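Protein chains in written order, with the working numbering: chain G, 1 to 242; chain U, 1001 to 1196.
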């Protein structure tokens, strides 16, 4: 989806090859509809004014409604519109991962994760019958991790400038690129919630971690350009200590 | 709340200071009057005046000065001129007179800077002829709004740590994708070739 690697792991013994196909087909469908890199996608047609969003598909209208709701709760820091072009990938990604995990749950699976480009929805246990172990990648050395989390039935999303170049703008303050912080990881009740707030809080710059601190049920870990990490007061409870 | 408390304590110091000064002045007048009544000739004899002052110092140091001493904070010269306990900062002696009469040596003494929670307090005491001649506040908290402002902002204090690599025994990794590494490497290569 949108040029990102997708990994699905299912631990349950009832797993079949078919369920993987079902979930990957769903991501394929999302990509065809929402990718701004594809000229044939529905979002590209909207951006070319060939289609109004009122006449668009139900999923597209859902995404626009979710994006608008997110824009309001983040004081404008989440905005899919930039220079008259809509790019809803900031809300589509988390929403699609959430829906993919829902497909697994509805098929009766209990122990799995869905990872799309480093944003993760997890459920149940890993193969060692423990909570899932999630590493936070080191933005200064992408072959390293700087934190190990132990958790399940949550979403973990990381927003960062090191992923596919600098791609998050501050929409409130003159479309400035965010350069002070390199990475912001958010743990939320599900991946849709974690992803949209990670994106919005990252756009707030160094104050983004304070925004996460004030959100009930969310924790965050921010890494700045000086290799200093700032984390929310409840973050430690998810950290696995060796 | 802290604002009211600190202001009343400043006021208390000023009242105490005023009381102390009046007490010294009153004692002096009372003594002179007493001397005149008990020894009427001394006033008429110019040479008697210095001796009467010496006597005044000797007497008053036992009575008049000792009671204000009890009211003074712990940083009075009486406790700091002899070697003070190790944990107590020593008073600085700025100047010292020759007179050795009375409880105190003449001079100007600066007390330690004391953290009074709402700010630093520093007191300077001037001793003349063995008595407290003046007490000055070199430092005292003036900007009460500073602490009030710090409290009112109420930004949650968040912990920080240096980023450190961990052992990589994990199931999943949140963060960058390989795409970014490619981007960085290509950018790096582009910049290098741009140099040549």
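Glycine included, every Cβ here is placed at the ideal spot set by N, Cα and C. It should be emphasised that the depicted structure is a prediction, and the values quoted were computed from it without experimental measurement.
In chain order, what residues of the same chain lie with their CB nearer than 6 Å to the CB of residue 90 of chain G, ignoring the 5 residues before and after it?
199
Can the beta-carbon of residue 76 of chain G be found less than 7 Å from the beta-carbon of residue 121 of chain G?
no
Rounded to whole angstroms, what is the Cα-Cα separation between residue 143 of chain G and residue 181 of chain G?
19 Å
Determine the closest residue to residue 114 of chain G out of G:140, G:73, G:190 and G:229, with distance taken between C-alpha atoms.
G:190
Spatial neighbours of residue 238 of chain G within its chain, please: CB distance less than 7 Å, with the 5 preceding and 5 following residues excluded, ordered by chain position.
149, 150, 151, 187 and 219
In the DSSP assignment, what residue or residues form a beta bridge with residue 26 of chain G?
Beta-bridge pairing links residue 26 of chain G to no other residue.
Quick one: residues in its chain with C-beta nearer than 8 Å to the C-beta of residue 52 of chain G, no 5 flanking neighbours on either side, listed in chain order?
46
Looking only at its chain, what residues have a beta carbon closer than 8 Å to the beta carbon of residue 158 of chain G, apart from the 5 residues adjacent to it on each side?
118, 119, 136, 137, 183, 184, 185, 186 and 198
With the cut-off set at 7 Å, would you say residue 126 of chain G and residue 132 of chain G are in Cβ contact?
yes
Where the alpha helix (DSSP H) containing residue 246 of chain G begins and where it ends
This structure cannot settle anything about residue 246 of chain G, because the visible part of chain G is limited to 1 through 242.
Following the continuous beta strand (DSSP E) through residue 156 of chain G, name the residue where it begins and the one where it ends.
155–160
What residues from chain U crowd round residue 223 of chain G, counting only those whose CB sits closer than 8 Å?
1163
Integer Cβ distance of residue 104 of chain G from residue 6 of chain G, believed to fall under 8 Å:
Going by Cβ atoms, the distance from residue 104 of chain G to residue 6 of chain G rounds to 13 Å, so no, they are not a contact pair.
Any idea what DSSP makes of residue 210 of chain G, helix, strand or coil?
helix
Are the beta-carbon atoms of residue 250 of chain G and residue 32 of chain G separated by less than 7 Å?
Within the shown structure, residues of chain G are numbered from 1 to 242, placing residue 250 of chain G beyond reach of any answer.
Residue 104 of chain G - DSSP class collapsed to helix/strand/coil
helix
Taking 7 Å as the threshold (C-beta atoms), are residue 88 of chain G and residue 67 of chain G in contact?
yes
Could you tell me the distance, in whole angstroms, from the CA atom of residue 254 of chain G to the CA atom of residue 228 of chain G?
Past the edges of chain G, shown from 1 to 242, lies residue 254 of chain G, and the structure says nothing about it.
Cross-chain neighbours of residue 133 of chain G in chain U, by beta carbon under 9 Å:
1169, 1170, 1171 and 1172
Can you name, in chain order, every residue of its own chain whose Cβ lies under 7 Å from the Cβ of residue 221 of chain G, other than the five neighbours on each side?
136, 147, 185, 229, 231 and 235
Alpha-carbon to alpha-carbon, residue 1125 of chain U and residue 1113 of chain U:
13 Å
Counting only beta-carbon atoms, is residue 137 of chain G nearer than 7 Å to chain U?
yes
Mind reading off the beta-carbon distance from residue 1174 of chain U to residue 134 of chain G? Whole number of angstroms is fine, and I expect it under 8 Å.
6 Å
Assign residue 1157 of chain U to buried or exposed, taking buried as 16 or more other Cβ atoms, counted over all protein chains shown, within 10 Å of its Cβ.
exposed
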